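Structure first, commentary second.
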Amino acid sequence: MKLFEYKAKEVMRKHGIPVPDGFVVSKPDEIKSLPGPVMVKAQVLIGGRGKAGGIKPADTVADAKKAASAILGLNIRGYITKQVLLEKRLDVVKELYLSITIDRSRRSLIFMASAAGGMDIESVPEDKILMLPVDPIIGYQPFVGRHVASFLKLEPEQAKRVADICAKLHELVVEEDAELAEINPLVITKDGKVIAGDAKITIDSDALFRHKDYESLPEDLTPLEEKAKKLDIAFVQLDGNIGVIANGAGLTMATLDSINMFGGKAGVFLDLGGTDDPEKVKSAMLLMSEANPKVILLNIFGGITKCDTVAKGVLEAIEAKKIRTPIVARIKGVNEEAGRTMLKNAGMIPAYGLSEAAELASKESLKVV
Amino acid sequence: MKLFEYKAKEVMRKHGIPVPDGFVVSKPDEIKSLPGPVMVKAQVLIGGRGKAGGIKPADTVADAKKAASAILGLNIRGYITKQVLLEKRLDVVKELYLSITIDRSRRSLIFMASAAGGMDIESVPEDKILMLPVDPIIGYQPFVGRHVASFLKLEPEQAKRVADICAKLHELVVEEDAELAEINPLVITKDGKVIAGDAKITIDSDALFRHKDYESLPEDLTPLEEKAKKLDIAFVQLDGNIGVIANGAGLTMATLDSINMFGGKAGVFLDLGGTDDPEKVKSAMLLMSEANPKVILLNIFGGITKCDTVAKGVLEAIEAKKIRTPIVARIKGVNEEAGRTMLKNAGMIPAYGLSEAAELASKESLKVV
Amino acid sequence: MAIIVDDKTKLVIQGITGYQGTYHSQAMRDFGTQVVAGVRPGKAGEKVNDIPVFDSVRDAVNRTGANTSCVFVPAPGCRDAALEAIYAGIETVVIITEHLPVMDAIHIVSVARSRGVTVIGPNCPGIASPGKAKVGILPNMIFRKGNIGVVSKSGTLTYEIVNAISERKMGQSTCVGIGGDRVSGTNFIDVLERFQTDKQTKKIVLVGEIGGTSEEEAAEYIKGNVTKPVVAYIAGRTAPPGKRMGHAGAIIARGRGTAESKIKALEAAGVKVAKIPTDVPDLLE
Amino acid sequence: MAIIVDDKTKLVIQGITGYQGTYHSQAMRDFGTQVVAGVRPGKAGEKVNDIPVFDSVRDAVNRTGANTSCVFVPAPGCRDAALEAIYAGIETVVIITEHLPVMDAIHIVSVARSRGVTVIGPNCPGIASPGKAKVGILPNMIFRKGNIGVVSKSGTLTYEIVNAISERKMGQSTCVGIGGDRVSGTNFIDVLERFQTDKQTKKIVLVGEIGGTSEEEAAEYIKGNVTKPVVAYIAGRTAPPGKRMGHAGAIIARGRGTAESKIKALEAAGVKVAKIPTDVPDLLE
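Listed in order, the protein sequences are those of chains A, B, C and D.
The letter at position 132 of the first sequence is residue 168 when you use our numbering, and the numbering goes up by one with no holes.
The letter at position 266 of the second sequence is residue 302 when you use our numbering, and the numbering goes up by one with no holes.
The letter at position 23 of the third sequence is residue 120 when you use our numbering, and the numbering goes up by one with no holes.
The letter at position 260 of the fourth sequence is residue 357 when you use our numbering, and the numbering goes up by one with no holes.
Now the structure itself:
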């Protein structure tokens, strides 16, 4: 779960990382006074807001209201700006990059740091980036922060501050279950302070059970995404016309790949996860009917449940919502034959294998109605 | 550094371990009201206070004052009682034993638990004691507390509470750098509570640099012990008449063993630690002269410093205090010969080897004056 | 031969009293696994499908000689359960639990590696050596004894491919579902290394998916170390970039971890890569 | 041969700019040790006794190939320094620092063991293989090359005994001062195991002291595993019970760890035990 910049900075402040003074508003009228010259910054969960006009300076309350008016409601790469952060402007001498994230290969946390901060880290040449894994058995120790500071070639006083921020950022990541904490730029100011110019934090959504305080944060979801989320079903909107329901991420992707092979195009997919729970299959069918695809392709590989039981769930959903969309159904597992017969009798197009199902669905989707 | 019971319970309360309500006084007049029927308990850093009359029940303020008067000033196995703890009396149903300490062989912390609480753990048969090491790489995990509770065969509700206390006790030990935290008895009360009846905590004195709050605790030291402590010299009072100064614990003990072989007996010893710093040798000589032994045996094995430099320190001390006690001196290392000549010229009895030195000192100590 | 689980496997099931634990304890038995114990704190003395239940893994190990554990404990208690197994001396821990926080996965995996313990998962379907033992939730009916080693990041997609292999009358030595989470106890390379030395295994199937770089690393490893023929399938060739595909393994980021980069790396290592899963058996022949 | 340190040792000194670090860097060189680097954060580029100083052990290892570290960093920074060495890939870490909190010792030692790194100390005088290398603060002058392996919990007492051996024209293969703290990286058994397999070592001297049970455990180990003759001395036969004798190893508690119990155990294992340290050379002849 990505946090808005203002929230991420709140979390950083809580863990002792210096951030600029500021406040967040959702209406220009809420701006009553300023802590000095400020930047007005769109709060959206996507990069590139600067280029999109989402960041403006302001020296007076009137200026700030004007800037906020311009930014609030702005559509930044598909995200509507609902809040702006007004933040004391920094006297920037130097911009660094500092982050911690997960290193999958090493199976550990890893620090990334660069003296070339302020820009997209992907555009910084590799030899200008320090990649320093945190050995999980050794844990964070002061030498890690010293290594980072030493790589950045700073004055002794700033080196100490950066090392200290490393310790706090690591503490933040561990205590808050963040899978990413990024400060870009980490600003060195004219008066020698080291302060987070921007802040990105992504909380591991699997860890929310121990961070109840994050659960109420607003998320920008469409009504269907909202429903899917409640059902713990992955819902993704695409630009084709076949609605795919499958169980398991890999199988879902393999289904898309197979459709593609036969010239079809998925318009939306629902991934139930590794389950074949008939109730969940039923919910997914109901949800899918709301997405209104031209064809539905159901591909369930059974584990625990028998195929006829799953088929029964599917039929109940069709019945309940009077779904008339053509459905290609492939259910694999125990009592396969019985399940298939039930689906066929209900007017669905049954398939034996994955490629057969993909082919049938693709053909159906290409039919001129 | 051992904590008094009241202080140990304060620390336990801070870490969420239930302890009885109570307060500590150093004069009977300070008792103004009671939280109910209480026990009045001598605060001394030695066991066996119950048998010595250091624990008395009291139901009223008058009773409590009387009990406090009787206990305050009491000499318990050499320790004078200066404070008493008045503590709400518990309705005891069961007494357990629970502690964490250092397991040297496994190089880890270890839980010890027994259903036979309330008595000296050394008198409990081994098969009635659970010894459960905490793997330092795995760390404390909830299963550790469950294992302890399961061994104690408790009702589910009490089992949960004991497991919870295990977690908190471990947290206490790690955060406070305790080398021992013991609850004996851990009481189960009539109303089902689990609460620390007594509490022993020893803080690792090597870790005091990160626990400034403990440093001001009072310690019962003689003036000489106080001086030695300030100089970081180990000072031990024994019952013989030879004063031993050596550098290093092993060498000091070997010196005592050698004296013993030749019929001598050490009366006090000073261990400088592994150093041969002439300043420290000098301080030790001055300190030793205050202890007033019949003979002084100086046994320094040099590492960094040259022997003549060490000898110079010794001579300065003798000069300064006009020390007239016979001194057997053995200084080993670089420039040994020069050092020995200096000491001999100053009237000391020089020795080459450890056994020679021990023999000479023993003989000197056995002389009838 | 086979790898990791076989007829010497003595299994304890952690969380045996839950729905999944109970169901799969029977399914594993039916497969031939020696299921010797279950664990559920507070339920010592009970039985599930005739399997004795203990308070702790320690008790289960002491009383039954269990050497392998299958963890069904839900995410909030999963780290504790897995570490309890390692503490008790279990040699192989298979973690079925999904939605395990990544910090917990790092903790478990780092402890396991420092102890020489094999962890499979989290969020994995488990491992099966047909004719010997199965630990996990893979459906029994899809397997057939043989000499193809299968290693896969995916769950149901593994079933699909194993099923396709078995339908063509080829069988498996061992099938390892390593799970698709960002941090896994066992990765492709760990399994490839074992398949390479396993005498029963003659050919290897690797099922990957977009996201991460473990397929690229596997390709590098194959080039230098694996002499047995390898067939691969990478799911997500046509997946939309930047979308979260259901589990954390499947995020395309930073221009790395795309299907193209993986397929290219594998082909450069001499691996035949199938376009769709049902092509895998063709490439094996 | 010799054990742990020899002519392949390439040493980095952590805390080289302090008094002890500076003094002993020269003394170790004089002994023949290849001292390749020093570390002191913020002092990179300086030199101490002509030895280059680096900001971190990582830099020192990368630039000089150091494989062994000697830690003089005071207690508050010692855990950090030792773990930094392990992180940087150092194989042997000798910790001279005294008064290290026992929790820090547990942390360092558990990490080291899980990584296969040898830690000697804390609070130890170090290790010397005469004619090859010395790492630590043992005085150079007492050593003589030979075939007696010495392992000791004590500092200056070790000097006493090594000196007595050398004065009798016998010499040492390696002398290991393991330190007398309650938690040590290397204990008697670890060293005995190495002496047993070391070809240069013909006889072994073990110097113990009251407190703890490591001498008893060593006796048990000797009985089952050591075929070379062992001579021992246990300091503290006449020490008063219950008194703290200067360092933490020397507390008599719970009726175990007494000199009697140690001597009895060692003698039962066929070890000759000296009454006073100067008897050790007699028993070696």
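Ideal Cβ placement from N, Cα and C applies to all residues, glycine included.
Source: prediction; values computed, not measured.
With residue i and residue j assumed to form a contact (beta carbons below 8 angstroms), what rounded beta-carbon distance in angstroms separates them?
i: residue 288 of chain B; j: residue 394 of chain B; result: With a Cβ gap of about 12 angstroms, residue 288 of chain B and residue 394 of chain B do not count as contacting.
i: residue 153 of chain C; j: residue 179 of chain B; result: 7 angstroms
i: residue 7 of chain A; j: residue 164 of chain C; result: The structure shown does not extend to residue 7 of chain A, since chain A is modelled only from 37 through 405, so no value can be given for it.
i: residue 293 of chain B; j: residue 334 of chain D; result: 5 angstroms
i: residue 359 of chain A; j: residue 173 of chain B; result: Not really, about 55 angstroms apart at Cβ, beyond 8 angstroms.
i: residue 44 of chain B; j: residue 295 of chain B; result: 39 angstroms between Cβ atoms; not a contact.
So, with DSSP's three-state summary, where would you put residue i?
i: residue 78 of chain B; result: strand
i: residue 346 of chain C; result: Residue placement at residue 346 of chain C is flagged as unreliable, the pLDDT there being 36, under the threshold of 50; the coordinate-derived value follows with that caveat. Coil.
i: residue 341 of chain D; result: Annotation note: pLDDT 49 at residue 341 of chain D (below 50); position unreliable, no value reported.
i: residue 135 of chain B; result: strand
i: residue 96 of chain B; result: coil
i: residue 359 of chain B; result: coil
i: residue 388 of chain A; result: coil
i: residue 176 of chain A; result: coil
i: residue 221 of chain A; result: strand
i: residue 326 of chain B; result: helix
i: residue 298 of chain A; result: coil
i: residue 71 of chain B; result: coil
i: residue 221 of chain D; result: coil
i: residue 229 of chain C; result: coil
Whose C-alpha, out of the options, is nearest the C-alpha of residue i?
i: residue 108 of chain C; options: C:116, C:117, C:129, C:100; result: C:129
i: residue 251 of chain C; options: A:301, A:174, A:311, A:83; result: A:311
i: residue 377 of chain A; options: A:355, A:101, A:396, A:346; result: A:346
i: residue 201 of chain A; options: A:229, A:213, A:53; result: A:53
i: residue 359 of chain D; options: D:218, D:183, D:319, D:381; result: D:319
i: residue 393 of chain D; options: D:162, D:167, D:103; result: The requested residue 393 of chain D does not occur in the structure, where chain D is confined to residues 98 to 382.
i: residue 229 of chain A; options: A:204, A:241, A:191; result: A:191
i: residue 117 of chain B; options: B:76, B:58, B:280, B:164; result: B:76
If you follow the beta strand (DSSP E) that residue i is in, where does it begin and where does it stop?
i: residue 330 of chain C; result: 327–332
i: residue 370 of chain A; result: Run containing residue 370 of chain A: none; DSSP gives neither H nor E here.
i: residue 369 of chain D; result: 369–371
i: residue 236 of chain A; result: 236–239
i: residue 45 of chain B; result: From DSSP, residue 45 of chain B is part of no beta strand (DSSP E) but of the alpha helix (DSSP H) over 41–50.
i: residue 278 of chain B; result: 278–282
i: residue 261 of chain C; result: Counting along the chain, residue 261 of chain C falls outside any beta strand (DSSP E), though it belongs to the alpha helix (DSSP H) covering 253–264.
i: residue 192 of chain B; result: Here residue 192 of chain B belongs to no beta strand (DSSP E); instead the alpha helix (DSSP H) covers 192–212.
i: residue 249 of chain D; result: 242–249
i: residue 124 of chain A; result: 120–124
i: residue 335 of chain A; result: 331–337
Taking the continuous alpha helix (DSSP H) assigned at residue i, which residues delimit it?
i: residue 118 of chain C; result: 116–128
i: residue 285 of chain D; result: 285–294
i: residue 164 of chain C; result: Counting along the chain, residue 164 of chain C falls outside any alpha helix (DSSP H), and DSSP gives it neither H nor E.
Which residues, in order along the stretch 173–186 of chain B, keep a beta-carbon less than 7 angstroms from a beta-carbon of chain C? 173, 174, 177, 178, 179, 182, 183, 186
Contact residues within the stretch 198–231 of chain C, judged by C-beta distance below 9 angstroms to chain A
198, 199, 200, 201, 202, 203, 204, 206, 207, 208, 210, 211, 220, 222
- Query: Taking any Cβ of chain A, which residues in the stretch 142–156 of chain D have a Cβ under 7 angstroms from it, in chain order?
  - Reply: 152, 153, 155
Short-range partners of chain D found in the stretch 199–230 of chain B, where Cβ spacing is below 7 angstroms: 210, 213, 215
- Item | Short-range partners of chain C found in the stretch 276–295 of chain A, where Cβ spacing is below 7 angstroms | 283, 284, 285, 286, 287, 288, 289, 290, 292, 293, 294
*Along the stretch 242–270 of chain D, what residues have a CB closer than 9 angstroms to any CB found in chain B?*
249, 250, 251, 252, 253, 254, 255, 256, 257, 258, 260, 261, 264
Give me the subset of the stretch 359–382 of chain C whose CB atoms are less than 8 angstroms from a CB atom of chain A, sorted by chain position. 372, 373, 374, 375
Point to revise | Chain-ordered residues of the stretch 360–375 of chain A with a beta carbon less than 9 angstroms from chain C | key: 368, 369, 370
Identify each residue in the stretch 101–121 of chain D for which the Cβ-Cβ distance to at least one residue of chain A is less than 7 angstroms, and report them in chain order.
none
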